[in-house]
Every structure is written in C-alpha cells, then in structure tokens.
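Accompanying notes for the structure given below.
Quick look at the structure:
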C-alpha cells in the first residue's frame, strides 16, 4: 500500500496523541511511523505521521474532526524535506570492525558508543539513506536498532532556487 | 477575593448555559456537585440507571433542539453512559455528560470506582475533557456546550475529579472559547451551490434524498420550498422522517432495507440525487455498488468527512444544510419549476400501486401495523412518537405519517434497544404540553423498563404502546428468512411477563389488548389519562414480518414486497 506523509499541527494538550492514534486505529488506517514534538509556538505540537492508505482524503477528514487538530498538510516528498534518525548497534567481532567503520564513513554515521564487540552508530538523513545504511551493516550483525520515525517539513515554495539539499 | 468551589462553578456554569433540567444518578465522586445542585433552579431527574439518564438527555435534545445534560458519578456510572454517548455520536444528538472522577491524587491507582472515563469514551464522543485545574471549569463547560450544539452536533463529556470539585476558584468574567482547531463551515461554497442548482435544473429524474441533517439544521421549511420550486420528489431516511410532510404529493417515503417501494426505486432510477444531511448509511444503500447507478450526486453536509466516504459526489458542498438550501433558493429565484410530469407520474404510480400493506382479519391475530395505524388515527398524528429498536420501529416509520420535525425520536445509527422508555421520558420533560407516545417492542422495553419508576416518581405521564410478540422480532424475521426458521436464542416468551401488572407495580396504568376490536377503546382510554404514565400491552402475532425488505448487502433493485414474494 502507498505510504503518505502527513504533517499535523495539534494543540499541545494531554491526550492528543492518544486521540490521533486511536482515531487512525478505529478507522482502520495503519500507522507506519509517528513522530511528535513541540513547535516554536509552545501551545502547538507537530506530528509527522506516515500512514499506509490507498488514499488520504478520508484520513485527513477524519483527523480534522478531532477538536484539538488545528491543521493538516499532506507532504509530497518532492516538495518536502523528510528526515529520519536511527541508532544502530552493530556487531564488530574479530576482523569486522574496520569494514563496518568504512561503511559508516560513507554514510556519515557517527560512532556514539564503542564497546568491546559492538559499536553504536547514529545515522541521520533521508529515509532511504538510513534504510540503506541499515541494510549494508545488517550482514555484520545488528544487535539493536531504533528509528526516530520520520520528521518532515514542506520546502519553502517561494524560494525554490535557494534549495541546498 | 471571593471564591467558589469547583462544584459550585459547575452548577453556575450550567445555569449560565440556560440549562433547565439535568438527568442523573448521584454517587461518591460526583457528590460535591450534587450539593449546590440542590439549591439551583435547575431541575434534577433521578434516573434508575445511568444509561437511562443518558437516553433521557438524548430524548430531551431531540424534542427541544437544545443540548441535553446528564450527570453521573465515576467508574461503573461512567461506563454505563457509554451506550448513550455512542448513540448520540451516531445520530448527531447534542448532549453534555458530566461524570465524577476519583481525586487526581488517586487517578491511575485503580481506586474505588475508578475507570479511565475519557479513554473509554474517546471514540464515543465528539470531544471529551479531563479537568485537572478548577480554574478551567467555567470555560470547559462553555466550550462543551458550544461543541455539542454546533457543526455536526454530538455528545461531549466532562470528567471532573472529586478534589477539583472541592477546590476553589475565582469565578470570572464571560467565558471564552479557545478552539483553534474547530471552525465548522456554515455557508456552502457559492460556486458549488451554483453548480448544484444548474444540475438540478437540467435533471430529468431528480430525487431529493434528505436525512437527519434537515431536522438538526431546522431546514424543513426550506426543504419543502426547494422541493416544490424544483418539482422534485423527496425521500427521507429514518432519521429524516418529519423533515418533509408525510402527506405531501412529492413525498415517496423512506428508502432502504425496509423502505417503501417508491422511495427505494426512485433512487435506483434517478439521474440526480440531491443528498441533504445524509450519510449514505448501509441501511439505505444496500450494496453501494448497485446504489443509484444512474445518478449524479450533489451531497450537502456539515461534516466534510461524510462527503465521499461511501459515494463520490459530483458536487460536494460542505455547509449547514438549511443555509445551503437558502442559498440554492436564492439562486433559483423566480425561475419556473421544471416540467417533470413524466417522472412524477411514474413515481406516483409506484407509490400508489405499492402501498405498505398488511392483513388484519377481524377474528385473526392482532397485527402490529393495525395497532400503529389506530394510534395514528386516534391521536390525529398529534404526538411526539418515540420508539425502541426493531420491527416495531420499522412499522412505526412505515405506517405513521410524520409531518413535522422533532416528532419522531428513535435510535437509528447505533440501533440501541432500550432507547425508548428513557428517551420518551426525556422528550416529555422537554415538551410537557405534548402527548408523548412510545411505541416499543417487548425486547427493547425490557432493556430499560426500570425507568417507568422514574416516569411515575418524577411525574412524566408518557404513554406506551408495547408491541408484545414475545420474541426478538427482527432477529426472528432473519432467522425465518435466512436461518431455516431455527429460532436460536430469540424467544422471550409472550406470557412470561405480566406487563400491565408490571406497569401498575411501577405506578403506571396497565392495560392489555389481545383483539382488534379492543385496540381503539384502549387507545382512547390512554389518551384520557394524563396524571400517570399508561402502558398498553398489545399482544400481537409473532410471525408478522417487516416488509418491504431488501436483504442486507443486496441490491436495491430487488425488493421483497411481502411474504408472497418469498417463495
């Protein structure tokens, strides 16, 4: 099924996350990832929700019925910046360490915790990049993995030429 | 600085909203609020069960168009409210429910009578509040009434912990609404409205498909004018009955699973469906793939999520249906009504050749449809009619000619058996000068009949026509038709309960009717008693079925008109 990214501004109140996730479950929409945090205006939080759905119209309309939902934008990957962070603990037994470090360098992944037989990397970037890194280190043995869920913002449509990434 | 308690603030805020009556059951956590209620001009009606209190608030809201209020305690009281809340959400009934909660210091500790009320009711309310600061009480109550009554109406719950009710606050100035995410659209988009009018002008076989939204929006008058102006036949859903005069020449009845042949067929043959305040419910559409196959759709609804949910609309219009009809009438202006002679002749023929029918033999078993027609004739149709859920509800919808809004109160979307008795009490509370006649089934009735004691004690002389067939009739009908007459778990027993005696035991008048000739006099007697509730038990034929019928999930082109079509 197609994945869609929604950027949802909600009132920063207790229970809003439960309302949103419960509504999506009730209406039968599968959440691929959901990231939430405050915006510059502390009374408003932004949720970035990636949902599996054939079409988004119903999801958006149903979400809009929640009193605490202020604004919903569907983000087109072509005109939005989408990023993800992952922490990956990779096994580095024996001879594997330098190979793993070489892959990490290619992906700008930073070693954030170094153990006797594992290294934990922080990798950030576009979702595809993060996925690719995970797939490349998988053969060495992934001991632990956590992803932040996607965060995204629309690009500034008025300043297309200034785009730097 | 003078302060008042949270509990006093609750009652004061209810008074400020113009509340005149609340339906409730007291208990531990809500007790602080009951103390100032004792001194308030607001009347409290003590229900026998919290579900009853909730349905009473719904009946009151239906009958009056105002927000109904119920108030109960925490834990089991709040969970007992879930059914009325879900019912109000489905049928867009504006109610505010106030629940007590254990003290904030105990919340989450599995305290006595603690339930996670806001969590449990999240999907059974339009919105709910868990109040943790007494200062919030006045604004929260104001917001709750605003949310319940505006846009698509619905239930709002306010959960109030006991320590918040006992804490003090400064009663402040006029309340404010802080709802940045809630701005219901009222006016239809002018371009869309213009498109809609154009489609209606060009249509050869238009049908106006009107629902509960007409009643909620107070749009019955505008609907009548528009139907006449555009010369379009009208069907109304179960929820919309009374939104258009039942004896009007353009009226075809209710469409759908148990709809009239004319209403259901007109939709199937229409080239344009003007859908006003409806949601294309499965009980109307049957299999949506076969529903109104030749029609373009104009869909007007105040809830944007209903538009395109089941059926894509060629012209979607978000807005208050009364306001949009006004806009359409304005654009229509003095244009003459289109000539739909051929179409109107056809649908009238369908209506006249296929009336809803039944066969009452003078010496045969009593037929429920005969009882309902007698009730209609003897009241002159001048009554607020309430029903439970099941066969009796469908017979009432088919045989009573509803002509005015808010005279038909029933549970549609959720199909809540047991809705009848408490909803009738709520309706009587809201319209004490009217005759309120509950037409109930024995199955529905027994789910909430303890509220007869409330009706007697609190002085609500409702009238009840109890259609006793001794079975869960709609279930039995399906078992007859689709399960080889294997009546698994559907027999209640027609003689098990002595209903007149039950009524008398609860302070009501009880009458039993078993033959057709007793029907009229019993109804006349019920109409002459106005100091107590009256229950007439009509002992009817358990094998009577509701027709017309389109089996669930079937195509509306295949209507079973009566038992003779079954072989």
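Chains as they are written, first to last, in our numbering: chain A, 7 to 171; chain B, 41 to 607. Virtual Cβ for every residue (Gly too), placed ideally from N, Cα, C.
Helix, strand or coil at residue i [DSSP, three-state]
i: residue 154 (chain A); result: coil
i: residue 533 (chain B); result: coil
i: residue 41 (chain A); result: strand
i: residue 488 (chain B); result: helix
i: residue 164 (chain A); result: helix
i: residue 17 (chain A); result: strand
i: residue 259 (chain B); result: coil
i: residue 577 (chain B); result: strand
i: residue 420 (chain B); result: coil
i: residue 89 (chain B); result: coil
i: residue 210 (chain B); result: coil
i: residue 325 (chain B); result: helix
i: residue 172 (chain A); result: Only positions 7 to 171 of chain A appear in the structure, and residue 172 (chain A) is not among them; the question remains open.
i: residue 127 (chain B); result: helix
i: residue 279 (chain B); result: helix
i: residue 406 (chain B); result: coil
i: residue 51 (chain B); result: helix
i: residue 264 (chain B); result: helix
i: residue 12 (chain A); result: strand
i: residue 80 (chain A); result: strand
i: residue 55 (chain A); result: strand
i: residue 434 (chain B); result: helix
i: residue 371 (chain B); result: helix
i: residue 303 (chain B); result: helix
i: residue 91 (chain A); result: strand
Close-in-space but distant-in-sequence residues of the same chain around residue i (CB under 6 Å, 5 per side omitted)
i: residue 549 (chain B); result: 569, 572 and 574
i: residue 295 (chain B); result: 275, 303, 304, 307 and 324
i: residue 53 (chain B); result: 178 and 181
i: residue 597 (chain B); result: 308
i: residue 380 (chain B); result: 271
Contacting residues, own chain, Cβ-Cβ under 7 Å from residue i (five flanking each side not counted)
i: residue 77 (chain B); result: 51 and 84
i: residue 129 (chain B); result: 164, 165, 166, 194 and 195
i: residue 371 (chain B); result: 233, 234 and 237
i: residue 409 (chain B); result: 398, 435 and 439
Beta-bridge partners of residue i, as assigned by DSSP
i: residue 30 (chain B); result: Any property of residue 30 (chain B) remains undetermined from this structure, which presents chain B solely from 41 to 607.
i: residue 141 (chain A); result: In DSSP, residue 141 (chain A) forms no bridge with anything.
i: residue 83 (chain B); result: B:61
i: residue 86 (chain A); result: A:160
i: residue 615 (chain B); result: The displayed coordinates of chain B run from 41 to 607. Any statement about residue 615 (chain B) would go beyond what the structure contains.
i: residue 192 (chain B); result: In DSSP, residue 192 (chain B) forms no bridge with anything.
i: residue 168 (chain B); result: B:197
i: residue 341 (chain B); result: B:358
i: residue 292 (chain B); result: In DSSP, residue 292 (chain B) forms no bridge with anything.
i: residue 336 (chain B); result: B:312
i: residue 97 (chain A); result: A:124
i: residue 246 (chain B); result: B:312
i: residue 507 (chain B); result: B:481 and B:578
i: residue 148 (chain A); result: A:96
i: residue 541 (chain B); result: Answer is none; residue 541 (chain B) lacks a bridge partner.
i: residue 45 (chain B); result: B:208
i: residue 236 (chain B); result: DSSP output for residue 236 (chain B) lists no bridge partner at all.
Whole-number beta carbon distance between residue j and residue i, since they are thought to touch under 8 Å
i: residue 88 (chain A); j: residue 11 (chain A); result: 6 Å
i: residue 140 (chain A); j: residue 94 (chain A); result: 6 Å
i: residue 451 (chain B); j: residue 131 (chain B); result: 7 Å
i: residue 153 (chain A); j: residue 345 (chain B); result: Not really, about 31 Å apart at Cβ, beyond 8 Å.
i: residue 315 (chain B); j: residue 337 (chain B); result: 6 Å
i: residue 49 (chain B); j: residue 211 (chain B); result: 6 Å
i: residue 340 (chain B); j: residue 317 (chain B); result: 7 Å
i: residue 588 (chain B); j: residue 599 (chain B); result: 5 Å
Sequence-distant residues of its chain with Cβ nearer than 8 Å to residue i (five each side left out)
i: residue 506 (chain B); result: 480, 481, 482, 485, 539, 575, 576, 577 and 578
i: residue 471 (chain B); result: 103, 104 and 424
i: residue 57 (chain A); result: 9, 10, 12, 30, 35, 36, 37, 38 and 65
i: residue 75 (chain B); result: 47
i: residue 366 (chain B); result: 262
beta-carbon residue i near the ligand HEM non-hydrogen atom, thresh 8 Å
i: residue 459 (chain B); result: Only the bare structure without any ligand can be found here, which leaves the ligand HEM out of the picture.
Inspect the CB distances between the region 29-37 of chain A and the region 241-248 of chain B and report whether three or more fall short of 8 Å. no
Is the region 46-54 of chain A touching the region 18-33 of chain A, taking contact as three or more C-beta pairs under 8 Å? yes
Say whether the region 97-104 of chain A touches the region 114-125 of chain A, bearing in mind that this needs 3 or more beta-carbon pairs closer than 8 Å, one atom from each stretch. yes
Count the C-beta pairs between the region 281-289 of chain B and the region 207-225 of chain B that are closer than 8 Å, then say yes if the count reaches three, no if not. no
Would you call the region 147-165 of chain B in contact with the region 113-125 of chain B, where contact means no fewer than 3 C-beta pairs closer than 8 Å? yes
Per the contact definition of three or more C-beta pairs closer than 8 Å, is the region 262-271 of chain B in contact with the region 550-561 of chain B? no
Do the region 493-504 of chain B and the region 513-532 of chain B touch if we need at least three Cβ pairs shorter than 8 Å? no
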